[in-house]
């Protein structure tokens, strides 16, 4: 099974209004608010073959998704695509990977021609990352997610480049991914390990390497804690990204030769690096 990132999840709990407003200021064109049959609500930033999800819950919606409050706010979900044409449950069982029972749900999508239901099934891998969620998402109606009218963003983002986990022990925290995708799927990089995942990569990096890459844009982490901390996003032009950030009034950025870094403090707890 080849690893491919489907989407990433930013947990904003009861702050969906504020997070959506802030991500629009960061230059993302978000989908209209959606409401899951699970009780949660979201906005998406749709890219080429992946996307970013702002996930929260409105105060009056039920059922309550308790995991949104039990999990850390900020970058909280790494979501893989299931094997193409394969049986996910069989693959997980064959590789001895623990998995929760699949969960199916729907989300109404309002289109010009009427409202339709987007249908999903997720399979969570408990404990794969101590302070985050790792799961697979099967899309039964991908045409209701990856729509061309939602793919254009003022900041020029075209897709995910990297999902970054901070860890003192990259080899230890890479072990679940080696079990899932094979040890050969992981490769050494400066300060850690990388898993190539379609057009993006999962990076498990030491705090020292993260500080070198992003400086003070990533908040200090408690010693020994593993945490999902940053996203690298591919853009066609750094000049376009800079212009969108300036238009949104985002002045607190870190300029580097090949990237513009936005601190977690102004991106719902997630450090964002726009990569040219």
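In full-length UniProt numbering, the protein residues as written are 1 to 276.
The beta carbon of each residue, even a glycine, is placed where N, CA and C say it ideally should be.
- In the three-state reduction of the DSSP assignment, residue 128 falls in the coil class, being assigned neither a helical nor a strand state.
- Per the coordinates, the alpha-carbon of residue 263 lies some 21 angstroms from the alpha-carbon of residue 7.
- Of 42, 9, 36 and 261, the smallest CA-CA separation from residue 155 is found for 261.
- A check of alpha carbon separations from residue 40 across 230, 107, 2 and 31 identifies 107 as the nearest.
- When the beta-carbon positions are compared, residue 37 and residue 135 stay at least 7 angstroms from each other.
- Distance from the CA atom of residue 157 to the CA atom of residue 60, rounded to whole angstroms, is 33 angstroms.
- The three-state reading of DSSP puts residue 57 in coil, since its state is none of H, G, I, E or B.
- With a cutoff of 7 angstroms on beta-carbon distance, residue 72 and residue 181 are scored as not near each other.
- Under the DSSP assignment, residue 105 falls in the beta strand (DSSP E) whose first and last residues are 103-111.
- Between the region 85-92 and the region 40-59, the count of Cβ pairs shorter than 8 angstroms is below three; the stretches do not touch.
- In the DSSP assignment, residue 214 forms no beta bridge with any residue.
- When beta bridges are read from the DSSP output, residue 135 appears opposite 79 and 124.
- 78 is the residue among 78, 27, 21 and 31 whose C-alpha sits nearest the C-alpha of residue 229.
- Taking a C-beta distance under 7 angstroms as the contact criterion, residue 98 and residue 121 do not qualify as a contact pair.
- Taking C-beta separations shorter than 7 angstroms and ignoring five residues to either side along the sequence, the partners of residue 95 in its chain run 179 and 180, following chain order.
- Judged by DSSP in its simplified three-state form, residue 232 adopts strand.
- For residue 22, same chain residues with a beta-carbon under 8 angstroms away, outside a window of 5 residues either side, are 266, 267 and 268 in chain order.
- DSSP places residue 253 outside both helix and strand once states are collapsed to three, so it counts as coil.
- Exclusion of the five residues before and after residue 174 leaves 186, 193 and 204 as the residues of its chain whose Cβ lies within less than 7 angstroms of its Cβ.
- Residue 16: member of the alpha helix (DSSP H) spanning 16-25, first to last residue.
- When Cβ pairs closer than 8 angstroms are counted between the two stretches, the region 54-70 is seen not to touch the region 238-255, the count staying below three.
- Taking 7 angstroms as the cut-off, the beta carbon of residue 226 is found no closer than this to the beta carbon of residue 118.
- Inter-residue distance for residue 92 and residue 271 is about 31 angstroms (C-alpha atoms, whole angstroms).
- If you draw a straight line from the Cα of residue 207 to the Cα of residue 115, it is about 46 angstroms long.
- The DSSP-derived three-state label of residue 177 is helix.
- Measuring C-alpha to C-alpha distances from residue 234 to each of 76, 176, 163 and 218 identifies 163 as the nearest.
- Residue pairing by DSSP places residue 274 opposite 233 and 260 in a beta bridge.
- A straight line joining the alpha-carbon of residue 252 with that of residue 244 spans about 13 angstroms.
- In the displayed model, residue 266 falls within a helix according to three-state DSSP.
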